[in-house]
Structure formats: structure tokens, C-alpha cells
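Colleague: Chains as they are written, first to last, in my numbering: chain A, 1 to 397; chain B, 398 to 680.
We put the beta carbon where it would ideally sit given N, CA and C, even for glycine.
Treat the numbers as computed from the prediction; the structure is a model and nothing was measured.
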């Protein structure tokens, strides 16, 4: 063990591999798999983490981002010591707490009270510590009415709340959180965020894995980006998120043809004032060139997002396409967005509610101007915006 | 951005098993987490009797019924030389340790599989799961002892003065049960076929162990080898001697069983700590 102070996380060149997927449970398949393995020994495994190396200082809050299957959850499992690395090592000084999807481990036949004691013990609390915190936990999970009811009669929200509450009062030196901040209703989420803030203020080291980039940005100061098992970026959270978002959409910008080739989006342009770079609170124009094989009546939606499918704002208009080419222009008088990198998503539906062109990214642009004011720690900003828009339709390109 | 073009396709040999865990440190870890063994056993005990009318009373009713079945029915057909001891006591003293062992293997052996949602989310030494199964079997056995006392009272039979030797036998019995539970629980994760064959093996063991006959019925030439292979044999013989007959155990046979139990325990601890590293990857 290192002599570093409590809350330090040292991940020293960690490698992890899994076996290739299993065959069907028949003897013949197993035997064939064995003979294949004898022929080529190396094809047995696939690497999920390669040479992951970083150190987290006490009190730091680190967000781990990456697409599905990149290895984030495997890394978190290795940090919690549930999984062993194939090579390399992990050293964590102090008590480790983990907030993970907890429902599976609760015993359905036992009451909430019995499960609380069971769970607390598994998470490393002494019986006396659980007794001391029991009322706080029950109060936090808002289960004082139901605590002596069997777990199988709990709603899924109640189970998750109890799981979160037990873990939230562990008082660990290092807290590992996997994708669970969106637990329960709005009221409970607010309490969770309050609790996270308290935990951070107590000097706990936080490692957060989430696809909810807004909450990662709000909670963490440093970001780690894992891509196909490799650590590709380790920098302040804003920088990591901006390069991550750019790469997510770089894979997606392509012209789109509707499945039955009725409508094709031939080009989509984003134009700033005087054809220059768009500015915060300046005008912005979208130009969509569409070609239709037959008449289409429906609606066109255009949304601007920070890379994900959830837009910051949407504008839409009725759409009539005659056979041939149509250009749709949309002028936004003032874009109420801060400086940054944005992507534009587009959707066309027909009158009978069919997807003519499904919701997908069509372009991206960089906006110059001022930054947003910083939000309080752990407050997730959802950026609701209202935009005035003027639409204009012309039949000639 | 970090340049990842230089990362090799395989880790260098020196990084492999940088933090190897030893079997000894595993034992220390388990000792530190012994509260958890209790908590798990308590959980499974409580869960078993939820929503039943009799509740925890069932834990006592079942062994009492067993005593009645043996005392009233089985007795009539049994043809064993009990050395003048009432048949119900003779058979129950043999059956109880076997039931403890059998329950340890069937519940403790399955505990890694059944607690999968816990063990791939929260860290704790994995040994606690099979140990909790053995502990639960032990609690059941203790409750059965009450039924046995009832049988002693009803038959008016007085246990021998050598009964003070029983704890030694219980210790050996527990060592063997722990070894079997550890071994079965970890191997079953890798070879799920065992799940289907274990009940059959336990059923066979019931007849391959001198429970409804005595150890003397095994040929004396191979008896020592037998005692080494099946420690439950000399154990049950010794229980009968010290509780019912007032004889000392046959130390040679008991020694073979005890030695074998210890060897099994050592093997189980080493195998468990080796195989335990990979279970979350495949469970």
C-alpha cells in the first residue's frame, strides 16, 4: 500500500480482458469451441481496458465519459474491487463507497428495515453505525411508513431510494457513482443533489460515471474519456466534454435519405450574420435543401443540441413538399446560446404521423461569444430557451 | 488528448498479477468481515419463514417430525445392531451430523450463484457466502439438537459420560463442511453442470455413510481408506460412541477423517482464492 492520504485513488496501468462470448449450452458446441481454441489460442479473449493509468487526489471530483461498451463500468467495477484487473493494480486509500444499481441485491422477502441492516453491513458499516444512522436513512428515503413492509411490495422507486439513501450515508473517503443520479421523482433528485454537494464539501473524492453529460459537467471538475478501452483524454471537465461531444457528432453528420426514398435531405447549412461565424445573440440561418419524389405534407422540426439527441431548443413549421426540390430557410433573430460547439438535428413527419426523416444530426456549428455564468456545484443546468423564429418557404433553389 | 497510438496490444509481462492475493490474506479478510457471515445467515434464516403461519417455529417442527417418523415408523423395519440404544436415538445421532453436512453443501455450495446480484456490485471477501450457508446449516443443526433432547427425555435414555468429547467432533465436522461448501461453491460457478449432479451425490452419500448401518459393516481391510475418503463415516461412528455407547472414538479412524478434512480445507482455501478472482467476469 502507498502511504498517500485518505481519498487518493491510484490506477496503475490497468488491463482487463474478457472471454469471448459463450456458445450455446450443447456439448457439441463446447467441443467445437475447445478444438477452435487449441488451433488458435489467442482468439479466446477481447480486451476491454488497455493500459489505463491515472491518479486522483483527495477531494477531486472526476467524471468518466465514453460511449456504451467503452469500458467505463468495467473500470468502475475494478475500482470497487468487485473485479480484478488482468494486469496492473489499483490502490485506494481509505473507505470506498459505491452507489450503483442496488435493487438487485435487496432480498425481496425481507422488510425494508432488515434489508437496511443487511445492506449497510455489506457496504462496510458496523451494526452500531447503522443503528445510529437508521432514522436519517429512512427519513432521507422518505420510507418511514413502509420501512417494515416486505421489499417485494415496494415500488421500484422506493427500492432505489432506499439503496441510494444507505449508500449516501456511508461517509466514505472515496465515493464511486454509476449512473444513478436520476433516481426517483424530482423531489428526491433534489435531495440527492443536496446530499452529493454535502459529500463533496466533506472532502470526499468523487468518481462519477454517467451518460448524462449535463450532470457530469455540473458535478465534476476533471474528466476522463474512455474510448474503446483506452484512456484518450484526461483534462478539466469542460475540455473533455467538448472534445467528447465533437467526436460523438463527427460520426453522425451525413446526408439522410428516408427509408422509402420519398424525401432526401441533399444539404443542410448553418449561416451566421453576413455569412460569417455565428455569434451569441446574433442572427442565425438554417438552409435545408430537400428533394421529394412525391407530394408530402407534414411538419419540419429543427433542434439545436450540445451533441446529444436532447435539444436545447426546437423550432418547427408546417411543411409542404411538391415533387422536385424545395429549399426551407429558417431565420433565428437572436440565438440565446453561449459560446460553444453545437449540432443541429432534424426531423420530418408526415400528416399521418409517420417518420419521413427520423430525428438525427445533420450539421454542426461553432458559436462565438460569451460564456455562461458558472452554475453552483452539482446543479444541473438544462438550458431552457425560448426563441423567436421566422420561416420562409420558396419553391426554387 | 492523450496519444494512445503507442499502447501495446498486450500488457508487458511485468504488469501481470502485480497485486497477487495470497490464500493467507484471504483468511485475514474473512476474519475481518465475520459480521457479514452472520448478517447473511440471519437474512436467509429470516427469509425462509416469511409469510408462514408458524414462522420460525418451523425450524423446530421439522426436526421434531423427523424424530417422530424415525421413532414410530422407521424403527419397525430397521434391522441395525444398536447396542441396546433406542433406535430413534441411534439413527438420529447419525442423521443429524449428516444433515448438517448435506445442508452446508447444498445451501453454502449454491450461495455464490444465488447471491450474484450482490457479489458483482459490492466488494466483500467471497468466502463469506459459502460460510454463511454453513452457518445457517449449523443453526438448523443446533435447533435439531433440541428435538434430540426431547427424544432422550421421552425414551428415558441417559447420554454417556463421554459426551464432553462432542465439541471436538463438531469441530472436525465443521472443518469438513466448510471445505466442501467452499470447494463446491467456487467450482460450480465455472462448471454449472455440478448444480445438477450435487443433489444426486448427496443422496448417494446418505447411503455411502454409516447412518442407517454401523461403521463395522465396512470391511476392516479397507476401513482406514474409507475413513480417509469419507470423514463423515468415522465422525458419525464417534458421535455414537461418545454420546450413546460411552466408548472413546476409534482414534485411528477418526484421525484419518480429521486429517482428510484438514487436507480438504487447505485445498479448498487455495482453490477458492485462485478461482475467486475471475468469477465476476463470468457469473
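1) Below 7 Å between beta carbons is the criterion; list the residues of the region 407-439 of chain B that meet it against any residue of chain A, in chain order.
2) Against chain A, does residue 520/B count as a neighbour if the rule is that its beta carbon must be under 8 Å from one of theirs?
3) I'd like to know whether the C-beta of residue 404/B is nearer than 8 Å to at least one C-beta of chain A.
4) Taking residue 677/B as the query, report the chain A residues whose CB atoms sit under 9 Å from its CB, ordered along the chain.
5) Got a sec, what are the start and stop residues for the alpha helix (DSSP H) residue 91/A sits in?
6) Beta carbons nearer than 9 Å to chain B: which residues of the region 143-162 of chain A have them?
7) With 16 other CB atoms within 10 Å as the buried threshold, where does residue 673/B fall?
8) By the three-class DSSP mapping on this structure, what secondary structure does residue 272/A have?
9) What are the boundary residues of the beta strand (DSSP E) that includes residue 326/A?
10) Kindly confirm or deny that the region 519-536 of chain B and the region 599-609 of chain B touch, where touching means at least three C-beta pairs closer than 8 Å.
11) Thinking residue 399/B and residue 231/A are a contact (beta carbons under 8 Å), I'd like their distance in whole angstroms, please.
12) Could you give the distance in angstroms between the alpha-carbon of residue 410/B and the alpha-carbon of residue 85/A?
13) Can you give me the C-alpha to C-alpha distance between residue 566/B and residue 630/B, rounded to a whole angstrom?
14) Determine, using beta carbons only, whether residue 568/B and residue 639/B come nearer to each other than 8 Å.
15) Closest to residue 505/B by CA distance: which of 653/B, 592/B, 675/B, 649/B is it?
16) With a threshold of 16 other CB atoms inside 10 Å of the CB of residue 274/A, please say whether the residue is buried or exposed.
17) What does residue 107/A reach in chain B if we use C-beta pairs closer than 8 Å?
18) Quick check: is the beta carbon of residue 18/A nearer than 8 Å to any beta carbon in chain B?
19) Check whether the region 59-67 of chain A touches the region 227-243 of chain A, taking contact to mean three or more Cβ pairs, one atom from each stretch, closer than 8 Å.
20) Taking C-beta to C-beta, are residue 49/A and residue 98/A nearer than 8 Å?
21) Output needed for residue 320/A: all residues of its chain with C-beta closer than 7 Å, excluding positions within five of it in sequence on either side, in chain order.
22) Give the secondary structure of residue 116/A by DSSP, where H, G and I count as helix, E and B as strand, and everything else as coil.
23) Note the first and the last residue of the continuous alpha helix (DSSP H) segment covering residue 490/B.
24) Ordered along the chain, which non-local residues of its own chain (more than five positions away) have a Cβ less than 8 Å from that of residue 680/B?
25) Let's see if you can read the secondary structure: which residues bound the alpha helix (DSSP H) around residue 130/A?
26) Please decide whether residue 473/B counts as near chain A, where near means a Cβ-Cβ distance under 8 Å.
27) Alpha carbon to alpha carbon, how far is residue 92/A from residue 174/A? Give it in angstroms, no decimals.
28) For residue 407/B and residue 46/A, what's the separation of their Cα atoms in angstroms?
29) For residue 402/B, which of helix, strand or coil comes out of DSSP?
30) I need the straight-line Cα distance from residue 284/A to residue 392/A, nearest angstrom please.
31) Does the contact criterion of 3 or more C-beta pairs under 8 Å hold for the region 353-364 of chain A versus the region 328-339 of chain A?
32) Is it buried or exposed for residue 596/B, if we count other Cβ within 10 angstroms and need 16 for buried?
33) Residue 401/B touches chain A at which residues, Cβ-Cβ below 7 Å?
34) Beta carbon of residue 485/B, beta carbon of residue 538/B: below 8 Å?
35) Report the three-state DSSP secondary structure of residue 145/A (helix, strand or coil).
36) Does any residue of chain A have a CB that is nearer than 8 Å to the CB of residue 509/B?
Modeller: According to the structure data:
1) The residues in question are 408, 412, 413, 415, 416, 432, 433, 436.
2) So, interface residue.
3) It does; some Cβ of chain A falls within 8 Å.
4) In chain order, 77, 82, 83, 84 make up the part of chain A whose C-beta sits under 9 Å from the C-beta of residue 677/B.
5) Membership of residue 91/A in any alpha helix (DSSP H) is not indicated; the residue belongs instead to the beta strand (DSSP E) covering 87-92.
6) 150: these are the residues of the region 143-162 of chain A whose beta carbon lies less than 9 Å from some beta carbon of chain B, given in chain order.
7) Answer is buried; the Cβ neighbour count reaches 16.
8) In the structure shown, residue 272/A sits in a strand (DSSP, three-state: E or B).
9) Run containing residue 326/A: 324-332, per the beta strand (DSSP E) assignment.
10) No contact exists between the region 519-536 of chain B and the region 599-609 of chain B.
11) At roughly 6 Å, the Cβ-Cβ gap stays under 8 Å, so residue 399/B and residue 231/A are in contact.
12) Rounded to whole angstroms, residue 410/B and residue 85/A show a C-alpha spacing of 14 Å.
13) Going from the Cα of residue 566/B to the Cα of residue 630/B covers about 12 Å.
14) Remark: C-beta atoms of residue 568/B and residue 639/B do not approach each other more closely than 8 Å.
15) For residue 505/B, the nearest C-alpha among the options comes from 592/B.
16) By the 10 Å Cβ count, residue 274/A comes out exposed.
17) Within chain B, the residues near residue 107/A are 440, 444.
18) Output row for residue 18/A: interface = yes.
19) Taking a cut-off of 8 Å for Cβ pairs, the region 59-67 of chain A and the region 227-243 of chain A touch, as three or more such pairs fall below it.
20) It is not a contact, given that the beta carbons lie outside the stated cut-off.
21) Cβ within range, chain order: 297.
22) Three-state result, residue 116/A: helix.
23) Boundaries of the alpha helix (DSSP H) around residue 490/B: 484-500.
24) Contacts found: 509, 510, 513, 516, 517, 586.
25) Counting along the chain, the alpha helix (DSSP H) containing residue 130/A begins and ends at 127-141.
26) Taking Cβ atoms only, chain A never reaches closer than 8 Å to residue 473/B, which makes this a no.
27) One C-alpha to the other measures close to 8 Å.
28) Their backbone Cα atoms lie some 11 Å apart in a straight line.
29) Residue 402/B falls in the coil class under three-state DSSP.
30) Between residue 284/A and residue 392/A, the C-alpha separation is close to 14 Å.
31) Judged by Cβ distances under 8 Å, the region 353-364 of chain A makes no contact with the region 328-339 of chain A, as fewer than three pairs qualify.
32) By the 10 Å Cβ count, residue 596/B comes out exposed.
33) Simply 230, 232.
34) No. Outside cutoff.
35) Three-state DSSP puts residue 145/A in coil, outside helix and strand.
36) Taking Cβ atoms only, chain A never reaches closer than 8 Å to residue 509/B, which makes this a no.
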